[in-house]
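Since the structure comes first, as C-alpha cells, the remarks are kept for the end.
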Amino acid sequence: GKGGYDHYMLKEIYEQPTALRQTIRGRIDTLNDDVILDSFPPGSFDEVTSVQFVACGTSYHAAVYAAGLLNESGVPAQAYLANEYGVSEPPIPENALVVGVSQSGETADTLEALRYADAVGARTLVVTNVVGSTAARECTDAMYIRAGPEIGVAATKTFTSQVASLALLGERLIRDVTGTPSRFSAELLDSLSRLPSDVQQTLDDSTADELAELFDGSDAYFFIGRGLGYPVALEGALKFKEISYEHAEGFAAGELKHGPLALVTPDTPVFAVFTGQHTEKMLNNVKEVQSRGAPVIAVVGDESEEVHRVADEVLTFPEAPAYASGIMANVQLQLVAYHAARRLGRPIDKPRNLAKSVTVE
Ligand code: M6R
C-alpha cells in the first residue's frame, strides 16, 4: 500500500534514504577509501578504455550524470539516448564498455541499443533495479541498484539509487581504466556514505510545498544547470511536465543566450541548480534571467551565502561535494513537481499517456 501517503510517488520520494542505504550497503570501505562490488572485483575492467551509456528518460539523465563523473576523472564516457543510438548505430570503439541504465530492464529502446552493441561484439553491462529482467539476462554483466519496487510512473528513488550505483561502478571503472583512484575518490565515497542522512535532512527541511503554491499558475517552468547540475535540470523539468502537464524545460545554463532566453518573462520561474561547481557562471545566468523579470529559485547547499543573497527564493540541502549536491537538488525538484501536480489535482501515480515500462519502440 501507500503507507499513509496520498500517492506512491510521495511515498517513494520519502523512501530515498532507505533506498540509498540499500544501494550502498556493503559496497563502500570507508576505512580504506575503497569500493567493494562483489561482481566486479578490482581488475574487472582492466581492458576497458571508454564507456558509452545508453538509456531513456530519467535513466538517461542518470547516465548523463555518470558520464560527467567519469570524464572528470579521465575516463572517456558518453551518454546516448537509447532510441537515437539504436537508429544511428554509431561505431563502438574497441574495448568500449556499453552500459545500459534501466530501472525496469525491459525498455524496448534500451534493449535494442544493448542488442546492437552485443551484436558488434562489445561488452555490455546493465545497471537496473530488476533482478532477472530481460536486460539483466541479456547483458554480459549486471549491477543491481537495490532501490526496492517503484510503483509510481514517475521515477524518483530509482533515479537516486541509479546515480549512487553509477558512482560506485564509476569508481571501480576509474581505478581499473586509469590505474589510480579518482582525485575525488575519498570525498566521493565519504559523501556517498553520508547521503542517506543528508537526503533525509533535505526531505525534512523542504519548503517545496510552499514554493509550488507561490508559483502556481505560471506560464512555464524552466530549469537550468551546468556540469553535474545539467542532468539535474533536465530531470527536474521531465518530472515537472510528466506529472503536472505544465510546460517545463531544462536547459544547460550556458545555452540560455543561444535561444531559450527569448521565452523568459516574469511569469516563467527559473529553477537554478547549484552543485558547488561553476558557481560564478551560474550566478551570471541567474542575473541574465532576473533582468528579464523571471523569479529565480536557487536549489543550493545551505551554506552558499552569495547564492542565497542573489536568488529570489531558495530550496536548500546540506552542504556537500558536487556529486552529492546534485542528488539532493534533484530530491527538492521531485518535491516541487509533486506539490505542483497535487495542487492541480493531477493523477500523479498514473499520468496520462505514459506507462511505467515502455516495452514498445
Ligand atoms: O525502466 P527504464 O529506466 O528503462 O525507463 C526509462 C524511462 O521510460 C523512464 O525513466 C521514464 O522516463 C520515467 N518514468 C520518467 O519518470
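Quick note on numbering: the UniProt record's numbering labels position 39 of the sequence shown as 282, and the sequence is numbered without any gaps. Think of the CB as a built atom: it goes at the ideal place given N, C-alpha and C, for glycine as much as any other residue. Since this is a predicted model, take the numbers as computed values, not measurements.
Report yes if the CB atom of residue i is closer than 8 Å to the CB atom of residue j, and no otherwise.
i    : j    : result
V297 : Y323 : yes
A356 : A325 : yes
L409 : Y303 : no
V342 : V370 : yes
A305 : G348 : no
L558 : S434 : no
V543 : V553 : no
Q520 : A565 : yes
S436 : S316 : no
Y387 : V374 : yes
L412 : L280 : yes
I570 : V406 : yes
P260 : Q443 : yes
N573 : F458 : no
Y251 : I394 : yes
I591 : A515 : no
T383 : R366 : yes
L499 : E546 : no
A505 : R586 : no
N372 : A397 : no
Q575 : A451 : yes
Using DSSP's beta-bridge definition, name the partner residues of residue i.
i           : result
D510        : D510 pairs with nothing; no bridge assigned.
R437        : According to DSSP, which records beta bridges pairwise, R437 is partnered with nothing at all.
V370        : V344, M386
residue 608 : What is shown of the chain runs 244 to 604, which leaves residue 608 out entirely.
Y464        : A491
A339        : S293
I267        : Answer by DSSP bridge pairing: none, since I267 is not bridged.
D277        : D272
Drop a sphere of 10 angstroms on the beta-carbon of residue i, count the other beta-carbons inside from all chains shown, and report buried for 16 or more, exposed for fewer.
i    : result
D441 : buried
R270 : buried
C501 : Reading off the sequence, residue 501 comes out as His, not Cys. Burial call: exposed.
L274 : exposed
A491 : buried
D289 : exposed
I350 : The amino acid at residue 350 is misidentified as Ile; the sequence shows Thr. Classification of T350: buried, given that the 10 Å Cβ count is 16 or more.
E489 : buried
R418 : buried
R415 : buried
G536 : exposed
S282 : exposed
A429 : exposed
E453 : exposed
N596 : exposed
D352 : buried
R268 : exposed
V294 : buried
K524 : exposed
E604 : exposed
E478 : buried
T266 : buried
Quick one: measure Cβ to Cβ for residue i and residue j, integer angstroms, because I've assumed they're closer than 8 Å.
i    : j    : result
P503 : I540 : About 17 Å; that fails the 8 Å criterion.
Less than 7 Å between the CB of residue i and some heavy atom of the ligand ATP, yes or no?
i    : result
C382 : The model on display carries the ligand M6R but not the ligand ATP.
Stretch pair the region 473-486 + the region 565-584: three plus CB contacts closer than 8 Å: yes
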